[in-house]
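Chains as they are written, first to last, in the numbering used here: chain A, 88 to 314; chain B, 88 to 314. This report refers to the structure that appears directly beneath it.
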DNA sequence: GTTCGATTAAAACATCCGTTTCATTTGGTC
DNA sequence: GACCAAATGAAACGGATGTTTTAATCGAAC
């Protein structure tokens with residue numbers, strides 16, 4: 088039993104049964120939630136036997152937790168933000184943060200992973216802690232640091248709410264897209280591509296902070312840098 | 088069996104079995120979701136027999152739909168907004184709208200009803216249509232009309248996104264409170280009372296629109312009207 | 001080839017859930 | 001009091017689900 092376990096693992100698509108189960112579980116839990124998804128369906132999708140989930144994960148709940156943990160790596164860890172390292176101007180940092188956040192929310196690398204994470208966030212359970220700690224918390228603290236640079240004299244409470252205003256805008260397009268489509272029509276919402284949304288959120292936020300022309304101004308800041 | 092049976096629905100608390108079932112269902116569905124809640128638990132809470140739900144509502148799904156319909160009346164219809172009627176200044180209308188929205192989100196009249204509605208919005212099902220039509224849509228159109236007055240030259244797409252920026256801020260405190268508490272601590276979030284949040288969202292929005300001093304300005308607009 | 005642990009396969013188990021059935025009771029009406 | 005529709009109560013049904021059990025299969029080490 089030197090190397091043991093992991094007999095083939097050659098092809099990435101037909102990996103270990105454990106991996107296939109995790110992938111199938113991620114999809115099923117994202118689509119139907121914890122209660123709605125069934126281990127039978129997950130095993131069938133993964134091409135594994137019903138007993139496999141108990142063999143590899145013990146029970147359904149543990150499979151769910153592992154699937155959520157896997158999801159937050161698929162969706163891209165938030166502490167690996169490609170923001171200008173340190174020497175960059177605070178305004179550029181904020182621009183980079185908002186752009187990256189909107190992009191990840193609007194067009195995530197793995198839609199199922201993001202969906203599963205958001206589901207867990209909306210209804211925090213036993214897997215919420217790891218997601219918050221490793222996915223959300225780093226981003227939140229990074230944003231707060233950026234805003235602190237921009238607003239050195241603001242008290243903690245208002246700084247917190249300012250961060251919430253930024254995050255609220257970014258999250259809206261993910262958490263409320265179905266409803267928005269019901270109200271304004273699918274095509275109207277689909278027209279809001281990542282670039283448009285990112286530009287708007289950056290501009291709205293910078294305008295609120297006094298670093299860009301207000302929304303609705305006839306022309307953009309003449310000599311201002313491109314947003 | 089002396090007094091027994093009280094069909095006339097004299098006392099409001101011990102109303103018809105149908106009403107008690109709806110109230111219990113609202114609570115259970117809000118807490119555990121459609122799949123998670125059980126008709127047995129609902130009937131037990133309502134003090135009714137298991138067959139009552141089928142007798143009054145046909146099946147569980149219809150009970151859920153009726154519970155959601157009931158919820159959106161408990162939470163306060165959005166088309167009965169106490170905004171300044173028509174002659175008021177657009178800025179005052181926006182102020183009134185945001186204040187009312189934040190208040191309803193932050194401290195709803197019926198927490199369970201609001202929770203149930205939000206759950207249905209996050210995962211739209213067969214009951215989403217009525218909630219959107221009678222609860223969300225009126226508010227969305229009202230906000231768009233207000234913003235159109237304030238930003239007469241803005242194209243439709245940017246007007247839409249501006250509305251999303253306002254709604255995103257209002258909804259954040261409801262949709263992400265648990266996560267916020269996990270990150271920043273329960274006490275820090277609890278310190279954000281309705282007044283503070285409403286003031287901040289109004290100020291942030293007006294600043295973005297160029298009608299208030301930017302966030303972080305050392306002092307509030309000297310001669311400006313109170314927010 | 002044999003042996004042993006890891007993995008898979010198939011069936012059954014125990015439980016819970018939504019629903020139905022059927023008998024009983026209740027309150028009003030003739 | 002007799003009758004009837006509305007409502008309630010208790011039990012069971014059929015199905016689905018998570019879990020367990022038992023046996024078969026596979027792959028490498030001896």
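All residues carry an ideal CB built from backbone N, CA and C; glycine is no exception.
Selection from the options that minimises the alpha carbon distance to residue i
{"i": "residue 248/B", "options": "209/B, 295/B, 111/B, 207/B", "result": "295/B"}
{"i": "residue 233/B", "options": "118/B, 287/B, 292/B", "result": "292/B"}
{"i": "residue 199/B", "options": "256/B, 117/B, 175/B, 111/B", "result": "117/B"}
{"i": "residue 119/B", "options": "211/A, 180/A, 287/A, 126/A", "result": "211/A"}
{"i": "residue 270/A", "options": "287/B, 267/B, 217/B, 242/B", "result": "217/B"}
{"i": "residue 107/A", "options": "121/A, 122/A, 237/A, 157/A", "result": "157/A"}
{"i": "residue 266/B", "options": "215/A, 130/A, 174/A, 195/A", "result": "215/A"}
{"i": "residue 281/B", "options": "261/B, 297/B, 194/B, 181/B", "result": "194/B"}
{"i": "residue 250/B", "options": "221/B, 209/B, 235/B, 259/B", "result": "235/B"}
{"i": "residue 240/A", "options": "138/B, 204/B, 111/B, 304/B", "result": "304/B"}
{"i": "residue 141/B", "options": "109/B, 226/B, 115/B", "result": "109/B"}
{"i": "residue 115/B", "options": "196/B, 204/B, 163/B, 209/B", "result": "204/B"}
{"i": "residue 139/B", "options": "103/B, 162/B, 164/B", "result": "103/B"}
{"i": "residue 163/B", "options": "113/B, 259/B, 223/B, 112/B", "result": "223/B"}
Cβ-based burial, residue i [other Cβ within 10 Å; buried from 16]
{"i": "residue 124/A", "result": "buried"}
{"i": "residue 272/A", "result": "exposed"}
{"i": "residue 213/A", "result": "exposed"}
{"i": "residue 313/B", "result": "In this prediction, residue 313/B scores a pLDDT of 47, lower than 50, which makes its location untrustworthy; the coordinate-derived value is nonetheless stated afterwards. Per the 10 Å Cβ criterion, exposed."}
{"i": "residue 302/B", "result": "buried"}
{"i": "residue 263/A", "result": "buried"}
{"i": "residue 145/B", "result": "exposed"}
{"i": "residue 290/B", "result": "buried"}
{"i": "residue 133/B", "result": "buried"}
{"i": "residue 287/B", "result": "buried"}
{"i": "residue 255/A", "result": "buried"}
{"i": "residue 153/A", "result": "buried"}
{"i": "residue 174/B", "result": "exposed"}
{"i": "residue 148/A", "result": "exposed"}
{"i": "residue 137/A", "result": "exposed"}
{"i": "residue 111/A", "result": "buried"}
{"i": "residue 226/B", "result": "buried"}
Distance between residue j and residue i (C-alpha atoms, nearest Å)
{"i": "residue 160/A", "j": "residue 192/A", "result": "15 Å"}
{"i": "residue 253/A", "j": "residue 231/A", "result": "10 Å"}
{"i": "residue 184/B", "j": "residue 285/B", "result": "10 Å"}
{"i": "residue 245/A", "j": "residue 188/B", "result": "19 Å"}
{"i": "residue 206/B", "j": "residue 135/A", "result": "33 Å"}
{"i": "residue 202/B", "j": "residue 186/B", "result": "20 Å"}
{"i": "residue 93/A", "j": "residue 105/A", "result": "Note that residue 93/A scores 39 on pLDDT, short of 50, meaning its location in the model is unreliable; the coordinates nonetheless yield the value given after this. Residue 93/A and residue 105/A: Cα-Cα distance of roughly 10 Å."}
{"i": "residue 275/B", "j": "residue 268/B", "result": "8 Å"}
{"i": "residue 283/A", "j": "residue 300/B", "result": "26 Å"}
{"i": "residue 278/A", "j": "residue 190/A", "result": "15 Å"}
{"i": "residue 228/A", "j": "residue 127/B", "result": "45 Å"}
{"i": "residue 179/A", "j": "residue 237/A", "result": "11 Å"}
{"i": "residue 59/A", "j": "residue 181/B", "result": "No information on residue 59/A is available, as it lies outside the stretch 88 to 314 that chain A covers here."}
{"i": "residue 176/A", "j": "residue 297/A", "result": "16 Å"}
{"i": "residue 151/B", "j": "residue 130/B", "result": "13 Å"}
{"i": "residue 155/B", "j": "residue 261/A", "result": "23 Å"}
{"i": "residue 122/B", "j": "residue 242/B", "result": "43 Å"}
{"i": "residue 196/A", "j": "residue 208/B", "result": "24 Å"}
{"i": "residue 259/B", "j": "residue 259/A", "result": "8 Å"}
{"i": "residue 221/B", "j": "residue 143/B", "result": "24 Å"}
Residue i - DSSP class collapsed to helix/strand/coil
{"i": "residue 125/A", "result": "coil"}
{"i": "residue 137/A", "result": "coil"}
{"i": "residue 296/B", "result": "coil"}
{"i": "residue 245/B", "result": "helix"}
{"i": "residue 255/A", "result": "helix"}
{"i": "residue 149/A", "result": "helix"}
{"i": "residue 310/A", "result": "Its pLDDT being 44, under 50, residue 310/A is placed unreliably in this model, and the coordinates cannot settle the point."}
{"i": "residue 210/A", "result": "coil"}
{"i": "residue 163/A", "result": "coil"}
{"i": "residue 280/A", "result": "coil"}
{"i": "residue 302/A", "result": "coil"}
{"i": "residue 174/B", "result": "coil"}
{"i": "residue 272/A", "result": "coil"}
{"i": "residue 197/B", "result": "coil"}
{"i": "residue 119/B", "result": "helix"}
{"i": "residue 225/A", "result": "helix"}
{"i": "residue 216/B", "result": "helix"}
{"i": "residue 239/B", "result": "coil"}
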